[in-house]
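Counting along the sequence shown from 1, when you hit position 19 you're at 19 in this note's numbering, and nothing is skipped either side.
Ideal placement from N, C-alpha and C gives every residue a C-beta, glycine not left out.
Quick caveat, the model's predicted, so the values are computed rather than measured.
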Amino acid sequence: MKDIQTLIDTLSKLPGVGMRASQRITLHLLKNTHLLTEVISSSSQALKTIQTCSVCGNIDSVSPCSLCTDAKRQNDIMCVVEHIEDIWALERTQEFSGRYHVLGGNLSARTATKTMERINDLIERVQQQNINEIILALSSTFDGQTTNHVIMKKLENCDIQISQLAHGVPVGAALDYMDKETLMMAIKARKHFR
Numbered sequence: 001m002k003d004i005q006t007l008i009d010t011l012s013k014l015p016g017v018g019m020r021a022s023q024r025i026t027l028h029l030l031k032n033t034h035l036l037t038e039v040i041s042s043s044s045q046a047l048k049t050i051q052t053c054s055v056c057g058n059i060d061s062v063s064p065c066s067l068c069t070d071a072k073r074q075n076d077i078m079c080v081v082e083h084i085e086d087i088w089a090l091e092r093t094q095e096f097s098g099r100y101h102v103l104g105g106n107l108s109a110r111t112a113t114k115t116m117e118r119i120n121d122l123i124e125r126v127q128q129q130n131i132n133e134i135i136l137a138l139s140s141t142f143d144g145q146t147t148n149h150v151i152m153k154k155l156e157n158c159d160i161q162i163s164q165l166a167h168g169v170p171v172g173a174a175l176d177y178m179d180k181e182t183l184m185m186a187i188k189a190r191k192h193f194r
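Put into structure tokens, the structure is as follows:
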């Protein structure tokens, strides 16, 4: 039972996987041992090949990553995100076809030094490449907004357009369920039709 508990405890360390889900996953893998072998084998192979992109900070089996080397993507527009999973979310929309820059966090106490290095890398990329627009797709938290402000300040002498993702009421949501801050942002960022 100790080995099973070790597997349950290990799986429960994954983000979004609590103890109950970890128990269900463990039981499923033990009932289907071929899956367990497959997971271990593919994980081992992935860990050998996956690397961080030297250009944008994404992860891929090659560096520069497949997004950076895709000739169909726009070179003059760049979207700045906090985390790799933000790229995945934006790519699911199939609405953005430019380049990315991953900060690896925001200017919080925990990640400020690393994030500042990535902001400096961003400024260098903007100066070396022909970028016309930067889209700031950072979280709407205090730290995310602070990071937005620092980036805008560092780019104020560059002749580029800076935009930010719209914030506000989600599609399909009722106003009476929205918090005050979300409604305030929605009113401030409202779209004019005439």
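Outcome for residue i when other beta-carbon atoms lying within 10 angstroms are tallied against a minimum of 16
i    : result
I151 : buried
L14  : exposed
M78  : buried
E181 : exposed
N120 : exposed
V171 : exposed
N32  : exposed
V17  : exposed
D143 : buried
T115 : buried
I134 : buried
N106 : buried
A71  : exposed
R192 : The displayed chain sequence assigns His, not Arg, to residue 192. Under this definition H192 is an exposed residue.
V102 : buried
Opening and closing residue of the alpha helix (DSSP H) in which residue i lies
i    : result
L136 : Element bounds for L136: not the alpha helix (DSSP H) but the beta strand (DSSP E), 133-137.
Q128 : 112-128
Q5   : 2-11
S61  : Looking at the DSSP string, S61 is not in any alpha helix (DSSP H), and its letter there is neither H nor E.
V150 : 142-154
Three-state class that DSSP yields for residue i in the structure shown
i    : result
T52  : strand
S44  : helix
M178 : coil
I84  : helix
Q161 : strand
Extent of the continuous beta strand (DSSP E) to which residue i belongs
i    : result
V102 : 99-102
S22  : S22 -> not in any beta strand (DSSP E); alpha helix (DSSP H) instead, spanning 19-31.
Integer-rounded CB distance, given that residue j should sit under 8 angstroms from residue i
i    : j    : result
T52  : I59  : 6 angstroms
E82  : S139 : 6 angstroms
G104 : T111 : 7 angstroms
L122 : V80  : 6 angstroms
I160 : I187 : Contact doesn't hold; Cβ gap of about 28 angstroms is too wide.
R99  : C56  : 7 angstroms
### Query
Can we say the stretch 34-50 touches the stretch 72-86, given the rule of at least three CB pairs closer than 8 angstroms?
Result no; under three Cβ-Cβ pairs closer than 8 angstroms.
### Query
Is the number of C-beta pairs between the stretch 134-154 and the stretch 170-177 that are closer than 8 angstroms three or more?
Output reads no: the stretch 170-177 does not touch the stretch 134-154.
### Message
Taking contact to mean 3 or more Cβ pairs, one atom from each stretch, closer than 8 angstroms, check whether the stretch 25-35 and the stretch 78-90 are in contact.
### Response
Contact fails: fewer than three Cβ-Cβ distances are below 8 angstroms.
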